[in-house]
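Residue numbers (full-length UniProt numbering): 1 to 533.
Beta carbons are placed, not taken as given, at the ideal position from N, Cα and C, and that holds for glycine.
For clarity, every value in this text was computed on a predicted model and none was experimentally measured.
Worksheet: the structure to be examined is printed underneath.
Quick look at the structure:
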């Protein structure tokens, strides 16, 4: 069986010994308005396991008992326990309640909300312990003056809060969120480059203006603000404790009497800079998250673009396969059915004399009429399958003079064209699509729109190495119905053709008729001089 790993934070006796040593180390720094041991107690009870609280409180009582015994126990052991025991017990009760209500209290100070909750809890716990101390003081010293009680109340409130403000963030830093090597190196480098020179400058200014200690204390806030902006709450907490230590040592060296106003300024400034550091950290994390999300979205967009290109390529391949199938079917119909109709007409013509001798010339005439109708229907079918006029005349002449004009003129619809540009810039799929769109729109105008006018405008040009075709189709008919008929594929088929080529299809609102606007892009082809346009 493997032994369990030894963890110092889970060993109550070891924690008690460490706590005892830190308490003895910080006790000489205690001043009326500056109680770092209180902050040590608050942070230990907040951050360490509850099962070790007995060792921590016992170590504190041992340390304070040793110091009281060294001073001769002026009030005896009863007075000692009455004066020293309630404060850690009240602090422990307050922090027990805090940890029950918020199990993650003190886990980090990465945002202003967590920092504000921690400082508010510190104020409430300090206020509770101070109220208990004042109550015991009134019991022990029944003749204590009211001014003295108020003075003690103010001293303990300010001293306890400052102790929490200066010590607890450092403990959170060391026990919960230790900085990485890069952050540690940055803190040390800025400490050497900024904090030490700042303390030296403050020392010189204080010696030159010994009557204005508050001026030097206000200037000590500058490096703290710098660290708060640069290193967040970690920098703010470390800079604040260094600056406050420096100002305390400076006051002692220059013989300044500690004043409540000076330490109140320190408490307000420390609270503000700690909140500022937390807000800075939250802002940086938010920027990092936004940057990560932007990177993720960029990757997703690239993937979507790739999928869109693949879908367009697949759609274009389907379109090309459809056109090839149409071309093949048109060729087969022309070669087989067209030749058979011609052969039948030839045989009927050769048999015309015999039919006339037999008195059946009307049958030959009827057969010729049927064959002529079949030939016209075949021509229309072949034109729908593959517009031969597009191959014979080119795009512009096909639009201006081809079957579209014949269709509209036969229906009594005025046909207007405005065609500009060189179609040879466009690839074959784009030219075919333009003709198909115009053909489908003209067919819709004849069948459904009851229009008297149909217009086609085409602009072909080049921009940034890409050929562009802007097609504008409109009629002055009755427009589209509110609900398109079921099974109608005209507009959807047109839209699919444009989408497969990566173009833009817009059905623009007009007062009368239908207005389509299409933008197609094409890779520029080398113009061929012998190609019809």
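Would you identify the three-state DSSP class for residue i, choosing helix, strand or coil?
{"i": "residue 487", "result": "With a pLDDT of 43 at residue 487, under the threshold of 50, the modelled position of that residue is not reliable, and the figure given next carries that caveat. Looking at residue 487 - three-state DSSP - the assignment turns out to be coil, as it is neither helix nor strand."}
{"i": "residue 273", "result": "helix"}
{"i": "residue 506", "result": "strand"}
{"i": "residue 359", "result": "coil"}
{"i": "residue 64", "result": "helix"}
{"i": "residue 19", "result": "helix"}
{"i": "residue 518", "result": "strand"}
{"i": "residue 243", "result": "helix"}
{"i": "residue 416", "result": "strand"}
{"i": "residue 471", "result": "strand"}
{"i": "residue 52", "result": "helix"}
{"i": "residue 461", "result": "strand"}
{"i": "residue 455", "result": "strand"}
{"i": "residue 220", "result": "coil"}
{"i": "residue 259", "result": "coil"}
{"i": "residue 466", "result": "strand"}
{"i": "residue 278", "result": "helix"}
{"i": "residue 523", "result": "strand"}
Pull up the distance between the alpha-carbon of residue i and that of residue j, whole angstroms please.
{"i": "residue 285", "j": "residue 114", "result": "15 Å"}
{"i": "residue 477", "j": "residue 343", "result": "44 Å"}
{"i": "residue 277", "j": "residue 162", "result": "17 Å"}
{"i": "residue 279", "j": "residue 124", "result": "23 Å"}
{"i": "residue 460", "j": "residue 515", "result": "19 Å"}
{"i": "residue 191", "j": "residue 243", "result": "11 Å"}
{"i": "residue 156", "j": "residue 127", "result": "9 Å"}
{"i": "residue 298", "j": "residue 305", "result": "10 Å"}
{"i": "residue 496", "j": "residue 322", "result": "13 Å"}
{"i": "residue 431", "j": "residue 395", "result": "7 Å"}
{"i": "residue 136", "j": "residue 85", "result": "11 Å"}
{"i": "residue 419", "j": "residue 456", "result": "8 Å"}
{"i": "residue 314", "j": "residue 307", "result": "10 Å"}
{"i": "residue 412", "j": "residue 471", "result": "23 Å"}
{"i": "residue 179", "j": "residue 291", "result": "22 Å"}
{"i": "residue 351", "j": "residue 310", "result": "60 Å"}
{"i": "residue 45", "j": "residue 133", "result": "19 Å"}
{"i": "residue 260", "j": "residue 89", "result": "27 Å"}
{"i": "residue 368", "j": "residue 392", "result": "29 Å"}
{"i": "residue 33", "j": "residue 40", "result": "15 Å"}
{"i": "residue 407", "j": "residue 475", "result": "14 Å"}
{"i": "residue 362", "j": "residue 372", "result": "15 Å"}
{"i": "residue 112", "j": "residue 194", "result": "25 Å"}
{"i": "residue 196", "j": "residue 186", "result": "15 Å"}
{"i": "residue 450", "j": "residue 442", "result": "11 Å"}
{"i": "residue 421", "j": "residue 510", "result": "27 Å"}
Considering only the beta carbon of each residue, do residue i and residue j sit closer than 7 Å?
{"i": "residue 23", "j": "residue 63", "result": "yes"}
{"i": "residue 36", "j": "residue 167", "result": "yes"}
{"i": "residue 503", "j": "residue 519", "result": "yes"}
{"i": "residue 15", "j": "residue 55", "result": "yes"}
{"i": "residue 540", "j": "residue 130", "result": "For the chain, the structure presents residues 1 to 533; residue 540 sits outside this window and is missing."}
{"i": "residue 466", "j": "residue 521", "result": "yes"}
{"i": "residue 600", "j": "residue 169", "result": "In the structure as shown, the chain starts at 1 and stops at 533, and residue 600 therefore has no counterpart that could be examined."}
{"i": "residue 273", "j": "residue 222", "result": "no"}
{"i": "residue 42", "j": "residue 164", "result": "yes"}
{"i": "residue 92", "j": "residue 99", "result": "no"}
{"i": "residue 404", "j": "residue 374", "result": "no"}
{"i": "residue 233", "j": "residue 118", "result": "no"}
Taking buried to mean at least 16 other C-beta atoms within 10 Å of its own C-beta, is residue i buried or exposed?
{"i": "residue 50", "result": "exposed"}
{"i": "residue 96", "result": "exposed"}
{"i": "residue 424", "result": "buried"}
{"i": "residue 444", "result": "buried"}
{"i": "residue 414", "result": "exposed"}
{"i": "residue 488", "result": "The pLDDT assigned to residue 488 is 47, lower than 50, so where the model puts this residue is not dependable; a value taken from the coordinates is nonetheless given after this. So residue 488 counts as exposed."}
{"i": "residue 231", "result": "buried"}
{"i": "residue 295", "result": "exposed"}
{"i": "residue 507", "result": "exposed"}
{"i": "residue 270", "result": "buried"}
{"i": "residue 346", "result": "exposed"}
{"i": "residue 48", "result": "buried"}
{"i": "residue 370", "result": "exposed"}
{"i": "residue 500", "result": "buried"}
{"i": "residue 528", "result": "Any reading at residue 528 needs caution, since the residue's pLDDT is 47, under 50, leaving its predicted position unreliable; the model's value is listed next. It is exposed - the Cβ of residue 528 has fewer than 16 other Cβ atoms within 10 Å."}
{"i": "residue 159", "result": "buried"}
{"i": "residue 235", "result": "buried"}
So, does the CB of residue i fall closer than 7 Å to a CB anywhere in chain D?
{"i": "residue 476", "result": "The question asks about chain D, but that chain is absent: this structure has only one protein chain."}
Next on the checklist: With three or more beta-carbon pairs closer than 8 Å as the criterion, would you say the stretch 392–407 touches the stretch 436–456?
Outcome noted: Because the criterion of three Cβ pairs below 8 Å is met, the stretch 392–407 and the stretch 436–456 touch.
Any chance the stretch 171–179 sits against the stretch 192–205, with 3 or more Cβ pairs inside 8 Å? Judged by Cβ distances under 8 Å, the stretch 171–179 makes no contact with the stretch 192–205, as fewer than three pairs qualify.
### Message
Check whether the stretch 457–473 and the stretch 416–431 touch, using three or more Cβ-Cβ pairs below 8 Å as the test.
### Response
Contact between the stretch 457–473 and the stretch 416–431 is present, because at least three Cβ pairs lie under 8 Å.
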